[in-house]
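Below: the structure, in structure tokens.
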Amino acid sequence: LEMGLPLLQRRRFKRAAGLAEEAYLLSKAMPEALTEEQEAAALEDCGRVQRPVEWLTEIRDHKFMAAFEALGVERVLDFVEVWEQDLLDMGMPLLHRRRFMRSTAIIREAVLAEL
Numbered sequence: 040l041e042m043g044l045p046l047l048q049r050r051r052f053k054r055a056a057g058l059a060e061e062a063y064l065l066s067k068a069m070p071e072a073l074t075e076e077q078e079a080a081a082l083e084d085c086g087r088v089q090r091p092v093e094w095l096t097e098i099r100d101h102k103f104m105a106a107f108e109a110l111g112v113e114r115v116l117d118f119v120e121v122w123e124q125d126l127l128d129m130g131m132p133l134l135h136r137r138r139f140m141r142s143t144a145i146i147r148e149a150v151l152a153e154l
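According to the working numbering, the stretch in the sequence shown is residues 40 to 154, in order.
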């Protein structure tokens, strides 16, 4: 299952594989939802999303960019999939972890508000 994929991509794959049947059934019962790309485009149109390094600089965590890239972060919306254990594993101090988690909650709320 590893297949050389970064951690976030492996998590997405496992989650997708585990929910494939449920997603299929829901797609038959519910109207079409936005894809990740459409969500990102909508947020970028609103001027709220930056490149990951710019966003990390804004919250004063840019020195961890290499660790986030190793996890598989390619865009700002990927940060909402980072777990607190990931932050611990990269050696992020407590106050930085709190600030990061608070900031990702804001991103998550913005995505939900656009839907």
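The C-beta atom is built at its ideal place from N, Cα and C for all residues, glycine as well.
Alpha-carbon spacing of residue i relative to residue j, whole angstroms
i, j, result
"L95", "M129", "15 Å"
"K102", "G43", "24 Å"
"P132", "A152", "30 Å"
"E93", "R147", "18 Å"
"R90", "M104", "11 Å"
Nearest candidate by alpha-carbon position, reference residue i, set the options
i, options, result
"E123", "I146, F139, Q48", "F139"
"A144", "H135, F118, E113, L133", "F118"
"R51", "M104, G111, E93, P91", "G111"
"P45", "D125, L134, R136", "D125"
Contacts around residue i, its chain only, beta-carbon distance under 7 Å, and the 5 residues preceding and following it disregarded
i, result
"I98", "R138, F139, S142"
Other residues of its chain near residue i: CB distance less than 8 Å, five sequence neighbours each side excluded
i, result
"L47", "L110, G111, V112, D117, E120, V121"
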